[in-house]
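So the structure is just underneath, and the comments pick up after that.
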Amino acid sequence: MSRLLVPVRGARSAAERMRATVDLARNLPLSDVKEWYAKGWFGMPGAIEAEAFLRIIRDRWIAAQPQEAMTFLLTRDSRGVSAGMKEWARLDPAAALDFVSGNKDPRQSNNMLWAIVQSLGPETDPALIMAALPKLSGASFYIQVLRPLIALAAGKLPPEQLAAQSATWPAELKRAVQGVLDGAAFLRDPSALMASFSGMGEEEGMLRLFAALDASVENSEAILSRIDKWPQTWLKDVLSHRSAWVINRDPQRWLKEDLTSLGLDDRAVWRVRVSALGKLDPESALAALKEIQEGTAEERRYFVASLLQNLASKDFAKAESLLASLSDPLDVEAGRKRLDLVTKTQAKQNESAIPTLDQRIDRLFAGEFGGTDSRESMENWSVAEGAAAVNNFRRLTPERKDELAKKMADRHFQGLQSVFQGELISWILANPPPLAEVRVFPPPLVVESVPLVAFNWSNEDPIAASHWAQSLPAGADRNQALATVAQKWAESEPAAVRKWLTTLPEEDRAAVETLVKGSW
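What follows is the structure, given as structure tokens:
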């Protein structure tokens, strides 16, 4: 196993490492794929190479042994289930649908079915979908996930054929099919369909209308645009049980509408008003609340307090300002309790939150970083975060820079990014202590670290490393840094190194050529 990873681990550039990764994933014996996947032998969790490796071997496994692969993914890699099922559906949608129909875990089965839906397109054979749908109905499957499959079939089959083939299906599935058909018919001739619904009897017509609304966003927008032509009983039912459908389109209307004339009781009216208020900005909602009469004092106060709490979680200062505008002492008291709750909750979250970059830099400067523990290492910081640490270091006083640089040097610069190590070394070399304090300068640890930093940094960013080396004070350490950069950089881009050497002062170029003579 470790032998196979040598080309990946020994790659000298990101491009070379990715090529080695892809080559390994494509040529790994299929009989070994499961073990590599299960034991995580590739390593590098979170890295782009690891993601590419797992995707390639997963797709190979799905292509060769889809049932075994999906069974494994369902128990060992939930994140890979969706991608694996999409690939299987692309290769063999009938087999993928059949596998899903046999799964009895509602969460798993609906996630897999949704992945299949996303993989299928208009070119999908409708016969395949029509054969699968009856097997997919029941407690394990949500009708919302089945509707896109129905729509795919409806896009290819004549309405009469779709209706006839679904005539013996379970009631909920059959109603979903009818909803898709009605939604399409509504887009073609809304007046005729509304007349048809009205002639069915209030309850059946309303159920057909709701199924059409559920079928798609396009259908619902078209149907809701004709809400004023609905029978009063349909509107009453929608506002009582599915008010979001109509309120989202025009919340102001439902703050002013005479809802009691539709037959809604006081409780239902208050629920509609609250839903409409919730669609407004906080200031408008409080102003509108004064204009409506529904709701008990306790309900209205609860709404005000909840509104302030939600606002405080996003903009605490704005919530405070709005609280100050209230005149009812009981409203003020209830609102203050909610804002205090937000303050306490945020304080607890801050205690356990991932530290900010400024906090991590403060910890770094306080000496809490270093060592080999990756949780206390700067090595996993981004390039931008490393640059921010350098900028913060440069703003310190000379005394604080001395103190910090010496402390990090005593720790062999462990756990630090190359860019920050280079900054510390540059400071030490450019700022020797007074002669009376000098025993050996530069300190041996710094002398040893110069070529190591140059080597590692050249592996990451040879151009930045070359700039750093050129910035060092003239002398043996600068020459050694320049030579190390040249040697390492030449392994991947010898032409670029030769061009770079021509830009160096003659003395530096001669020193580098002497040190690297014969090595490249």
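Per our numbering, the very first residue in the sequence shown carries number 2; after that it's consecutive.
Ideal Cβ placement from N, Cα and C applies to all residues, glycine included.
Please read all numbers here as calculations on a predicted model, not as lab measurements.
| Item | Value |
| --- | --- |
| Classify threonine 297 as helix, strand or coil using the three-state DSSP reduction. | coil |
| With a floor of 3 residues, list each beta strand (DSSP E) that falls wholly inside the segment 52-97, ordered by position along the chain. | none |
| My understanding is that glutamate 321 touches leucine 340, with C-beta atoms under 8 Å, so please give their C-beta distance in whole angstroms. | 7 Å |
| What ranges does the alpha helix (DSSP H) occupy inside the segment 277-341, keeping only unbroken runs of at least 4 residues that lie completely in it? | 283-290, 298-313 and 317-325 |
| Decide if the segment 80-94 is in contact with the segment 113-124; the criterion is three or more beta carbon pairs, one per stretch, under 8 Å apart. | yes |
| Using CA coordinates, which residue listed in Trp458, Ser285 and Leu342 is at the minimum distance from alanine 313? | Leu342 |
| Just how far apart, CA to CA, sit proline 434 and proline 399? | 12 Å |
| Can methionine 19 and glutamate 69 be called in contact, C-beta distance under 8 Å? | no |
| DSSP three-state call for leucine 6: helix, strand or coil? | helix |
| Would methionine 409 be called buried (16 or more neighbouring beta carbons within 10 Å of its own) or exposed? | buried |
| Report yes if the CB atom of alanine 466 is closer than 8 Å to the CB atom of alanine 484, and no otherwise. | no |
| In whole angstroms, what separates the C-alpha of valine 7 from that of serine 493? | 18 Å |
| By Cβ distance, which residues of its chain are closer than 6 Å to leucine 327, with the 5 residues on each side in sequence left out? | Val333 |
| To the nearest angstrom, how far is it from the Cα of proline 452 to the Cα of glutamine 66? | 51 Å |
| In this structure, how does DSSP classify methionine 195 when only helix, strand and coil are distinguished? | helix |
| Report yes or no: do three or more beta-carbon pairs, one from the segment 159-174 and one from the segment 198-208, lie closer than 8 Å? | no |
| Could you spell out where the alpha helix (DSSP H) holding glutamine 360 opens and where it closes? | 358-366 |
| Among the candidates Leu417, Lys105, Ala216 and Leu278, whose CA atom is the shortest distance from the CA of glutamine 179? | Ala216 |
| Using CA atoms only, rank isn't needed, just tell me which of Leu92, Ser102, Trp37 and Met379 is closest to tyrosine 146. | In the sequence under discussion, the amino acid at residue 146 is valine, which differs from the tyrosine named in the question. With distances taken between Cα atoms, valine 146 lies closest to Ser102. |
| Please classify tryptophan 170: does DSSP put it in a helix, a strand, or coil? | coil |
| Excluding the five sequence neighbours on either side, which residues of its own chain have a C-beta within less than 6 Å of the C-beta of leucine 502, listed in chain order? | Arg510 |
| Apart from the five residues on each side of it in sequence, which residues of its chain come closer than 6 Å, Cβ to Cβ, to leucine 158? | Pro127 |
| What does the alpha-carbon distance come out to for the pair aspartate 24 and valine 420? | 32 Å |
| Comparing C-alpha positions only, which one of Thr234, Ala367, Lys402 and Leu225 sits nearest to glycine 202? | Thr234 |
| I need the straight-line Cα distance from alanine 185 to asparagine 220, nearest angstrom please. | 7 Å |
| Which same chain residues end up closer than 6 Å to arginine 91 when comparing Cβ atoms and leaving out the 5 residues on each side of it in sequence? | Ser120 |
| May I ask you to report which of helix, strand or coil DSSP gives phenylalanine 211? | helix |
| Identify, in the order they occur along the chain, each residue of the same chain with its Cβ nearer than 8 Å to the Cβ of glycine 139, setting aside the five sequence neighbours on each side. | Pro171 |
| Under a Cβ-count criterion, where at least 16 other Cβ atoms within 10 Å of its own Cβ denotes burial, should glutamine 294 be classed as buried or exposed? | exposed |
| Whose C-beta lies closer than 6 Å to the C-beta of serine 1 among residues of the same chain, with five residues either side of it excluded? | The structure shown does not extend to residue 1, since the chain is modelled only from 2 to 521, so the question has no answer here. |
| Between the alpha carbons of asparagine 311 and valine 305, how many angstroms are there, rounded? | 10 Å |
| Quick one: grab the DSSP three-state call for tryptophan 42. | coil |
| Give a yes or no on whether the C-beta atoms belonging to leucine 225 and leucine 263 are separated by under 8 Å. | no |
| Let me confirm a value: aspartate 478 is counted as buried when at least 16 other C-beta atoms fall within 10 Å, else exposed. Which label applies? | buried |
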